[in-house]
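All residue numbers for the sequence shown refer to this note's numbering, where the first residue is 904 and numbers rise by one. Structure first, then comments.
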Amino acid sequence: MVISIITVEYKVKRVLIDQESLVNILYWSMFQKLGLPTFILNAQVELRGIVELKTTFGTGASTRSISILYTVVDT
């Protein structure tokens, strides 16, 4: 599902909602223990941090605002 939201007074026109999406982390030490070759790794992104932002969904009488944690990455 793709929706529009407002966060920090900025309208984001396309937001992908995927309830099954999680950040799955595999530590480097475990990757090495599994004996996986490094060439199978995709390009990495730099994690800049996590920020909590008030985010507004809906319009008119059906508007709802909640705080959401966003993971900030530098691609």
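Note that beta-carbon positions come from the ideal geometry of N, C-alpha and C, so glycine has one too.
- In this structure, I969 and T958 form a Cβ contact; the two beta carbons are roughly 6 angstroms apart against a cut-off of 8 angstroms.
- DSSP, read as helix, strand or coil, puts T958 in strand.
- Per DSSP, S965 lies in no beta strand (DSSP E) and is assigned neither H nor E.
- The C-beta distance from V976 to E955 rounds to 16 angstroms, too long to fall under 8 angstroms, and the pair is not in contact.
- Y913 and I953 have their C-alpha atoms some 18 angstroms from each other.
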